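Peer 1: Just passing along the structure, written as structure tokens.
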Amino acid sequence: MARRSAGSGFRGTTMLQCRTTVTKASRLRLERRVALWLQRFVLLLLGGLLLLPGCGSGEQARTAPADPGRPPLADEVRLVVSRDFGRQIMTDVTAPVTKDITVMRLLAESVEVETAYGGGFVKAIAGVASTHGSVAETNAEDWFYWVDGLMADVGAADFKLRGGQTVWWDYHAWADAMYLPTAIFALPAPWADGEPLLVTNQADAAVRAWAEDAGVSLGATVPFGRKAPHQAVVVATAAEAEAVPWLMSRLAGHDGGVELVTVASGRLVLQALDGSTGPDASGVCLALPDPDDMDMPLLVLLVTSEEDLGPLLETVTPASVSARLGIALVDGKPVPLPWRAD
């Protein structure tokens, strides 16, 4: 079923009483995602009725091990399958683009898959099965997928792929994680095209050099303004971020998504999905949804001080963010987001 859809709480009172203006079109798109998720939830509550096991088309794709350090070529697509937000990689391959290739077909031709509800819902991948309906709701785990940094708003069988795209399936708990609309796993996608603005009050030479190495072609550099930009890479210290209401609102998850880091008193404090507090980070990189353009999230790099920007830029590469929602630097070491106490 569809994986890109808002659960309850995707909108609310924003920090500092600032609400980002949402167009009628974007509001309708968000409402559609709510409907898709409700539809999916009702099916799951049926408790396995109409369960139809499947194992793919019987024809195996000509896959090859992927190189996480480079985007897939124009004539191939990449598939990453993992658990616990990329902490355990199960599969990472590329396959040639074929006519009418879909997310479901790529998955079924690359790994063992069990489907349900007429083949439209992924029940298990490589023997790892959804536990929804068989355990307590707070402990249920399931499969979710994204394409080029975005949760999909259609089922896997209906999502037709283009060359150069990366699909990420991850198995994790439902609790507090139903709506995670954006991720950085496919860097430089979805920021490789369109020359996104660079929004920063700092010198931009280092960021531009990093972006070029990462495959992101930046547009003009602009300072922070009262309104949120569209299609942008945002670079700021924690103190600078605190002075920008729209950025604080999005970091808090008020315009979709969840809060992965709390910015307060010049600090970057990591947050677990259950709301518990993690360690301080010297830098974080994450994608924040734009309610006016859900297909183009903001790429955000935050640091506690300007001196921390260099180490963060060195850390954030296409290889290091593979199968990641976001990434943080804690005591000089990369930590995957969302944070959890291992």
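For what it's worth, numbering that gives the first Met the number 0 labels the leading residue of the sequence shown as 0, then goes sequentially. All C-beta atoms in this analysis are idealised placements derived from N, C-alpha and C, irrespective of residue type, glycine included. Just so it is clear, the structure is predicted and the values come from calculations on it, not from any experiment.
So what does M150 bridge to, in DSSP terms?
Peer 2: Per DSSP, W145.
Peer 1: Considering G277, what are the terminal residues of the beta strand (DSSP E) in which it resides?
Peer 2: Where G277 is concerned, the enclosing beta strand (DSSP E) stretches over 276-280.
Peer 1: State the CB to CB distance for the pair A63 and T93, rounded to an integer number of angstroms; the pair is presumed to be in contact (CB under 8 Å).
Peer 2: Correct: roughly 5 Å between the Cβ atoms.
Peer 1: Between P195 and L217, which are expected to be in contact by the criterion C-beta below 8 Å, what is the C-beta distance as a whole number of angstroms?
Peer 2: Indeed they touch by this definition, with Cβ atoms about 6 Å apart.
Peer 1: Report, in whole angstroms, the separation of the C-beta atoms of L267 and A280, which I expect to be a contact under 8 Å.
Peer 2: Rounded, the Cβ-Cβ distance is 5 Å, consistent with contact.
Peer 1: Name the DSSP beta bridge partners of K332, please?
Peer 2: Answer by DSSP bridge pairing, in chain order: V329.
Peer 1: Which of helix, strand or coil does DSSP assign to G309?
Peer 2: Reduced to three states, the DSSP call for G309 is helix.
Peer 1: Verify whether the separation of the beta carbon atoms of L272 and V260 is less than 8 Å.
Peer 2: Cβ atoms of L272 and V260: not closer than 8 Å.
Peer 1: Given this structure, state the Cα-to-Cα distance separating S248 from T236, to the nearest angstrom.
Peer 2: The alpha-carbon atoms of S248 and T236 are separated by roughly 16 Å.
Peer 1: For the pair the stretch 169-177 and the stretch 205-214, tell me if three or more CB-CB distances fall below 8 Å.
Peer 2: The stretch 169-177 vs the stretch 205-214: no contact.
Peer 1: Do L328 and P317 have their C-beta atoms closer together than 8 Å?
Peer 2: Their beta carbons are not under 8 Å apart, which means L328 does not touch P317 by this criterion.
Peer 1: To the nearest angstrom, how far is it from the Cα of D341 to the Cα of S319?
Peer 2: Their Cα atoms are separated by approximately 19 Å.
Peer 1: The alpha helix (DSSP H) with R249 in it runs from where to where?
Peer 2: Segment 244-250, the alpha helix (DSSP H) holding R249.
Peer 1: Alpha carbon to alpha carbon, how far is A202 from V233?
Peer 2: Spanning the two alpha carbons is a distance of roughly 13 Å.
Peer 1: Find out if the Cβ-Cβ distance for the pair M89, A125 is shorter than 8 Å.
Peer 2: Yes, the Cβ-Cβ distance between M89 and A125 is below 8 Å.
Peer 1: Kindly indicate which residue of S133, Y144, N138, G214 has the alpha-carbon position closest to the one of V121.
Peer 2: That would be Y144, whose Cα lies nearest to the Cα of V121.
Peer 1: For L44 and S133, what's the separation of their Cα atoms in angstroms?
Peer 2: Residue placement at L44 cannot be trusted, given a pLDDT of 38 that sits under 50; what the coordinates show is reported in the next sentence. Roughly 11 Å separates the two Cα atoms.
Peer 1: Along the alpha helix (DSSP H) that carries M103, what are the first and last residues, could you check?
Peer 2: From DSSP, the alpha helix (DSSP H) with M103 extends over 102-107.
Peer 1: From E342 to A322, what distance separates their C-alpha atoms?
Peer 2: With the chain covering only 0 through 341, there is no way to say anything about residue 342.
Peer 1: Where does the unbroken beta strand (DSSP E) through R82 begin, and where does it stop?
Peer 2: Where R82 is concerned, the enclosing beta strand (DSSP E) stretches over 75-82.
Peer 1: Check for me: the alpha helix (DSSP H) holding W209 runs from which residue to which?
Peer 2: W209 -> alpha helix (DSSP H) spans 204-213.
Peer 1: Does the stretch 149-159 touch the stretch 69-77, meaning 3 or more C-beta pairs lie closer than 8 Å?
Peer 2: No, because fewer than three Cβ pairs between the stretch 69-77 and the stretch 149-159 fall closer than 8 Å, the two stretches do not touch.
Peer 1: Which residues in the same chain have their Cβ closer than 7 Å to the Cβ of P278, if we skip the five residues on either side of it in sequence?
Peer 2: Cβ within range, chain order: L269, V329.
Peer 1: Would you give the residue range spanned by the alpha helix (DSSP H) that A238 belongs to?
Peer 2: Note, A238: alpha helix (DSSP H), 237-241.
Peer 1: In angstroms with no decimal places, state the Cα-to-Cα distance between L149 and L246.
Peer 2: Cα to Cα, the separation comes out at about 19 Å.
Peer 1: Quick check on the burial criterion: 16 or more other C-beta atoms within 10 angstroms. Buried or exposed for T276?
Peer 2: When all chains shown are included, T276 counts as exposed.
Peer 1: Counting only the same chain and skipping the five closest in sequence on each side, list residues whose C-beta sits under 8 Å from that of R61.
Peer 2: Excluding sequence neighbours, R61 sits near A94, P95.
Peer 1: On the DSSP bridge assignment, give the partners of V127 in chain order.
Peer 2: Answer is I124.
Peer 1: Would you mind giving the Cβ-Cβ distance between P335 and R86, rounded to the nearest angstrom? I have them listed as a contact below 8 Å.
Peer 2: Correct: roughly 6 Å between the Cβ atoms.
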